[in-house]
Amino acid sequence: MLNTLLLFTVLSSPQDDTAPAASTCEWFWNGSARVELVLDPSRIALQFTQACPQDLARAVLGGLELLAPGEAERAPFLPGKTLRLATRAGTNAAQVEAAVEWLVQLPFVASASAQWLAGDEAYCATDELLVRFAPGIGAAERAALVAPYGLVERGALAYASNPGVVYGLAPALTPRVLEIARQLHDSGKVEFALPDFALVRVTTAATSDLLFANQWHLNSTGQAGALPDADVNAPEAWDITRGDPSLIAAVVDEGMDLTHPDLNLVSGTDVLDNDSNPAAQDGFFGLFPENHATAVAGVAAGRGDNNLGTSGAAQKCRVMPIRFLSSNFFNPPTVQDEADAFNFARANGAAIINNSWGPLASSAPLPASTKAAIDDCAAFGRGGLGTLIFFAAGNSGIDCSGIGYCSDPVTVAVSASNDQDLLSSYSNFGAPIDFCAPSNGGVTSGIWTTDRQGSKGYSSTDYASNFGGTSSASPLASGVALLVMSANPYLRWDEVVDVLHDTARKIDPAGGAYDVNGKSPKYGYGKVDAHAAVVEAQQRPPHGVVFYGAGLAGSGALVPKIGALQNPKSGNANFALTLSDAAALAPALLVVSPASANLPLFGGTLLVDVFGSTITLGALTSASGQASRVLSVPADPLLVGASVFAQWGVLDAGALQGVALSNAAQVTVLP
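According to the numbering used here, the stretch in the sequence shown is residues 109 to 779, in order.
Set out below in structure tokens:
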């Protein structure tokens, strides 16, 4: 009781209306882009430590006089999570900043922050800072750079090369995190230094009353009032392929029903709560059920041809559940959670990543740490062919050009058409749209798909007939992309997109405002056509080079790994090498060269005379190093279809002949 009384006493003082004027403008570097911020006094953010007792947390909330009436009682007890709390009417910036300074002095508060706005995109700082150092910045230099701020390394951003670092801040420093991030950026030694903001991210679903409806989005014959052929021609595509079971659709979303009989799942993760269980949750007293992901997964790759329930577009492909969101708005994801979701999907073999969510704001830049993870997906995913990333365009009926998740050149943005082959009234539009896919918004009740089993979910059964929004359009397009990859597994991610662009059907010719290049601000290049896309994919010959596996383990202590950065139609193939398990400061020479296909393999070690140019990593300052090498794709037609080996190894500086290289990878030259 004494602790509680003391808390009420100290927390009442910052509410004084005579508090000094606050700085209402701030900014941070999002990579190389400056983002201007304005303090929003309508909310304050607070994070309790994991060890905070609930009664003390309640005392803190009850003692914050600037909170809106009833807000302290509504807020759940979520230690370790950032709570965005509404303030009472008339609260000013000075009062918010005074409360923040008082809060971070309490021993059970991990961080406190004002809410900052960049346009209508909200940012709340936490107790972590994400840093990706520039290449060549060694451990000693890194330590010296962060030492003045007392930053403590807590984790890593698992990029394919040059991993980032997650640093923790002392609570008293959290109000200065924007300043610290700027100072690290200004050192010139980082690619980005980004506060691990808590974000406002929402799913993009739209639902209505439960009514029976067939899956007209896959095959429309006019049922329930849908326009005939308002579908994606899925059955015709299934005559060619129902999907390759080796292809995986990662669904970054809420938690999922992990035992649904109509979903073929692989292991996933929960980046929101930092564990390996991406199961659907129901939140605070069951008030925040997570139904969205199960429906999304069923649209993309629900089991089909199994005499059970519904079918996804890619019936035989598998689904990787990644819990990134919660229906509980008191449990927001952070910038790090975004990067972790994409990194996990890429590292665990996802062919596509569907994102039926986005910012609530009409203008939101893509965080630099997320952008780095997305770029890694394109460069290193799917054995170097690239993991394809889909984003739902959003349901606000606005131009999505200001939403960085949609406008990034590596992502694919999908709008929604309805059962009358017109733009759904809620769907976002604009220059970033690649194509549209059918969803609700017409005369039918919506999209029939998998639902959480039993009484949970959108319906009281295992299936829902009322799913929709661009949340449904995006996974439908994702499923069609999986069929394209199944028909031609050698296509790069951008070539898959080209196929989908080239074969999309031009709907609404009178109102679509298609330009001379055949692109519409409403529908992109048109509505995805699964059958036409699969047929076109089969006609496109494989080309460039294909890398098989991580190579052959050798006798050396060092184990390099290979990943293709680019598989070109002609010219050069640029691939990256990551050297792991190296002793600190060990001098090493990394050698890469082509060799003929008939070289002998002895016990997994390739014995060759090394020739060609070399790549020198020099003295390694840590346990890893990276380098890249450009190899010419042979232009001689006689070599087309032949296999060669790219091999590499760590050598003593003087040893260039007759050495056992520690790894090798087969490279096939394609037309």
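Virtual Cβ for every residue (Gly too), placed ideally from N, Cα, C.
Could you check which residue in Asp148, Thr195, Gln323 and His293 has the C-alpha nearest to that of Leu225?
The residue with the shortest Cα to Cα distance from Leu225 is Asp148.
Could you give the DSSP three-state label for Thr217: helix, strand or coil?
A quick correction: the sequence has Val, not Thr, at residue 217. In this structure, DSSP gives Val217 an extended state, which the three-state scheme calls strand.
Quick one: Cα of Phe499 to Cα of Ala612, how far?
In a straight line, the C-alpha of Phe499 is about 18 Å away from that of Ala612.
For Asn451, which three-state DSSP category applies?
DSSP places Asn451 in helix when its eight states are reduced to three.
For Trp210, the three-state DSSP class (helix, strand or coil):
DSSP places Trp210 in helix when its eight states are reduced to three.
For Pro475, tell me which candidate among Ala141, Ser525 and Glu249 has the shortest Cα-Cα distance.
The residue with the shortest Cα to Cα distance from Pro475 is Ala141.
Buried or exposed for Arg151, going by 16 or more other Cβ atoms inside 10 Å?
In this structure Arg151 is buried. Its beta-carbon is surrounded by 16 or more other beta-carbon atoms within 10 angstroms.
Between Ser219, Ala202 and Asn451, which lies nearest to Thr190 when the distance is taken from Cα to Cα?
If we check each option's Cα against that of Thr190, Ser219 comes out closest.
Can you pull the DSSP bridge partners for Pro546?
Pro546 is bridged by DSSP to Ser525.
Cβ neighbours of Arg262 in the same chain (closer than 6 Å, five flanking residues each side left out):
Excluding residues up to 5 positions away in sequence, Val274 and Gly276 lie with their Cβ nearer than 6 Å to the Cβ of Arg262 in the same chain.
Are Ala449 and Val642 touching if we call contact CB-CB under 7 Å?
For Ala449 and Val642, no; Cβs fall outside 7 Å.
Does the Cβ of Phe437 have 16 or more other Cβ atoms within 10 Å, making it buried, or fewer, making it exposed?
That one is exposed.
Do you know how far the Cα of Val443 is from the Cα of Asp235?
Cα-Cα distance, rounded: 12 Å.
Excluding five sequence neighbours on each side, which residues of the same chain lie with their C-beta closer than 7 Å to the C-beta of Leu530?
When the five nearest sequence neighbours on each side are left out, the beta carbons in the same chain lying within less than 7 Å of the beta carbon of Leu530 are those of Asp616, in order along the chain.
Taking only the alpha-carbon atoms, compute the straight-line gap between Phe396 and Asp361 and give it to the nearest angstrom.
Looking at the two C-alpha atoms, the distance is approximately 14 Å.
Residues of its chain near Gly457, where Cβ-Cβ distance is below 7 Å and the 5 sequence neighbours each way are ignored
Correct list, in chain order: Ile356.
So, with DSSP's three-state summary, where would you put Leu225?
If DSSP states are grouped into helix, strand and coil, Leu225 belongs with the strands.
Looking at C-alpha atoms only, which residue of Ala197, Arg290 and Asn503 is the closest neighbour of Trp465?
Each of Ala197, Arg290 and Asn503 was checked against the Cα of Trp465, and the nearest Cα belongs to Asn503.
Alpha carbon to alpha carbon, what distance is there between Ser535 and Ala180?
Cα to Cα, Ala180 sits roughly 36 Å from Ser535.
Leaving out five residues on either side along the sequence, give the residues of the same chain with a beta carbon under 7 Å from the beta carbon of Tyr267.
Excluding positions up to five away in sequence, the list reads Asn451, Ala480, Ala481 and Asp484.
Can you check the region 370 to 419 for any alpha helix (DSSP H) of at least 4 residues that lies completely inside it and give the ranges in chain order?
Assignment of alpha helix (DSSP H) within the region 370 to 419, counting only whole runs of 4 or more residues, yields 400 to 409 in chain order.
Assign Leu493 to one of three DSSP states: helix, strand, or coil.
The three-state secondary structure of Leu493, taken from DSSP, is coil.
So, do the region 544 to 564 and the region 576 to 589 have three or more beta carbon pairs nearer to each other than 8 Å?
When Cβ pairs closer than 8 Å are counted between the two stretches, the region 544 to 564 is seen to touch the region 576 to 589, the count reaching three or more.
For the putative contact between Asn341 and Ala408, defined by C-beta atoms under 8 Å, what is the C-beta separation to the nearest angstrom?
Their Cβ separation, rounded to whole angstroms, is 17 Å, which puts Asn341 and Ala408 out of contact at 8 Å.
Classify Lys614 as buried or exposed, calling it buried when 16 or more other Cβ atoms lie within 10 Å of its own Cβ.
Around the beta carbon of Lys614, fewer than 16 other beta carbons lie within 10 angstroms, which makes this residue exposed.
Does the region 592 to 612 come into contact with the region 556 to 564, if we say contact requires no fewer than three beta-carbon pairs (one atom in each stretch) closer than 8 Å?
In short, these stretches do not touch, since the Cβ pair count stays below three.
If you run the structure through DSSP and keep just helix, strand and coil, what is Gln155?
In the three-state reduction of the DSSP assignment, Gln155 falls in the strand class, which pools E and B.
According to DSSP, is Leu366 part of a helix, a strand, or is it coil?
Look at Leu366 here: in three-state DSSP terms it is coil, with no helix or strand label.
Mind checking Glu446: buried by the 16 CB within 10 Å criterion, or exposed?
With at least 16 other beta carbons inside 10 angstroms of its own, Glu446 counts as buried.
Secondary structure of Val643, DSSP reduced to three states
Val643: helix per DSSP, three-state reduction.
Here's the rule: buried if 16 or more other CB atoms are within 10 angstroms of the residue's CB, otherwise exposed. What is Ala183?
Classification of Ala183: buried, given that the 10 Å Cβ count is 16 or more.
Tell me which residue opens and which closes the alpha helix (DSSP H) that Ser515 is part of.
From DSSP, the alpha helix (DSSP H) with Ser515 extends over Gly512 to Ser515.
Could I get the ranges of all uninterrupted alpha helix (DSSP H) runs contained in the region 256 to 329, with 4 residues as the minimum, in chain order?
The qualifying runs are 285 to 294.
Between which two residues does the alpha helix (DSSP H) holding Gly170 run?
Going by DSSP, Gly170 is part of the alpha helix (DSSP H) stretching over Gln162 to Gly171.
Which same chain residues, not among the five before or five after Ser509, have their C-beta less than 7 Å away from its C-beta?
Within the same chain, Ser509 has close Cβ partners Ser515, Gly538, Ala539 and Pro540.
Which word fits Val232, buried or exposed, when buried means at least 16 other C-beta atoms lie within 10 angstroms of its C-beta?
Looking at the sequence shown, residue 232 is not Val but Cys. Buried is the call here.
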